[in-house]
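Just so we're aligned: the sequence shown equals residues 384 to 652 in our numbering. Single-structure report; data block below.
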Amino acid sequence: MQRSFSAVLLLVAAIAIGMSIGAWWLDRTVFSPSPSPDLAEAVLDDAEIRLEINAFISARTAGVLETTPDALGAFLEESVLPTPGGAAELAEFVQRAHLRVIGSNDDSIVIVPSELVRIVRDERAYGAEAATVPVPVIGTLKTFHTTAGWIFRIAGGIGVLTLLAGLLTRPYRSEIVRAIAELLMSIGVWMVVLGYAVPVHVVPAIDNNTWTGLAPRLALRVAPTTIGAAVVLVVGGLALLLASLSGGRRRQWSSPIPAMQNRDQHRWS
């Protein structure tokens with residue numbers, strides 16, 4: 384099927400706008416730190432991140448609690464870190480760590496005695512000293528964070544410009560319907576590619592740092608929404624595309640009829 388110049392412009396617009404929305408979804412789900420207990424709980428679902436936090440807190444606090452790091456670590460692993468209550472206590476710490484690993488904040492992550500008291504649930508932890516948690520800036524996450532922002536801006540700008548150009552060339556109604564269908568499918572595909580496949584599969588394959596596990600955990604947290612929305616968009620786009628194509632075929636089959644009638648009329652006359 385040949386496309387007109389208008390249809391080509393609208394197709395480019397659909398692809399670019401879909402990519403821009405996919406980049407926005409990636410940024411919103413993986414690179415938007417907040418002191419949310421739900422977000423902290425998702426991060427703490429990663430066993431390696433939880434183990435690193437546990438080891439640091441146990442080593443710094445066990446002495447003032449008159450226990451061993453192993454005993455305190457076992458308590459934290461069983462009764463604090465994997466629980467919603469523990470996630471709520473660590474929400475602000477996780478937010479600061481999140482900001483640092485994606486390169487939005489270069490400040491060191493310091494955990495103070497008041498936070499330790501809430502985490503270990505023992506006021507004797509006030510006697511512990513404030514300590515800097517060794518959370519690194521993850522170059523891979525910083526790069527993906529920056530890239531997602533540029534994709535959102537550049538692809539969005541290209542999409543808007545080509546959309547306006549396509550509309551100014553006065554496309555047929557069927558081409559507009561097809562463009563809407565392609566836009567819906569493009570958004571669904573890019574949401575899965577950028578909002579799910581990149582953080583869950585690509586990022587861990589590139590970087591195996593402990594804190595890199597934050598990205599797939601946050602993406603998996605909203606995976607049902609991502610996949611569900613993508614399925615609805617793609618199915619809706621396909622249905623609209625098939626409807627427009629079938630409508631075009633009906634018009635093509637019906638168009639020769641008046642010409643045949645005219646020829647018959649001329650023959651009888």
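From the three backbone atoms N, C-alpha and C, an ideal C-beta is built for every residue, glycine too.
Checklist entry - For Ala-511, does the three-state DSSP call read helix, strand or coil? => result coil
Checklist entry - So, helix, strand or coil for Ser-652, using DSSP? => result Any reading at Ser-652 is ruled out, since the residue's pLDDT is 41, under 50, leaving its predicted position unreliable.
Next on the checklist: List, from N- to C-terminal side, the beta strand (DSSP E) runs of 3 residues or more that fit wholly inside the segment 491-553.
Outcome noted: 492-494 and 514-516
Item to check | Cβ-based neighbour list, Ser-497, same chain, cut-off 6 Å, excluding 5 preceding and 5 following | outcome: none
Checklist entry - Is it true that the CB of Ala-399 sits closer than 9 Å to the CB of Gly-522? => result no
Next on the checklist: If you measure between the beta carbons of Thr-444 and Leu-427, is that distance less than 9 Å?
Outcome noted: Note that the C-beta distance between Thr-444 and Leu-427 is not below 9 Å.
Checklist entry - Does the segment 417-435 come close enough to the segment 475-485 to have 3 or more Cβ pairs within less than 8 Å? => result yes
Checklist entry - Going along the chain, which residues of its own chain have a beta-carbon closer than 7 Å to the beta-carbon of Gly-578, five neighbours each way excluded? => result Exclusion of the five residues before and after Gly-578 leaves Gly-405, Trp-408, Leu-409, Thr-412, Ala-602 and Thr-609 as the residues of its chain whose Cβ lies within less than 7 Å of its Cβ.
Checklist entry - Hey, quick one: how far does the alpha helix (DSSP H) through Glu-431 stretch, first residue to last? => result 430-444
Next on the checklist: Determine whether the beta carbon atoms of Glu-435 and Thr-593 lie at a separation below 9 Å.
Outcome noted: Yes.
Checklist entry - Three-state secondary structure (DSSP) at Leu-577? => result Assigned with DSSP and collapsed to three states, Leu-577 falls in helix.
Checklist entry - Within this structure, are the beta carbons of Ala-528 and Ser-491 separated by less than 9 Å? => result The sequence as given places His at residue 528; Ala does not occur at that position. Going by C-beta atoms, His-528 is not nearer than 9 Å to Ser-491.
Item to check | Span separating the alpha-carbon of Val-327 from that of Glu-460 | outcome: Lying before the first or after the last residue shown, residue 327 is absent from the chain, which here runs from 384 to 652.
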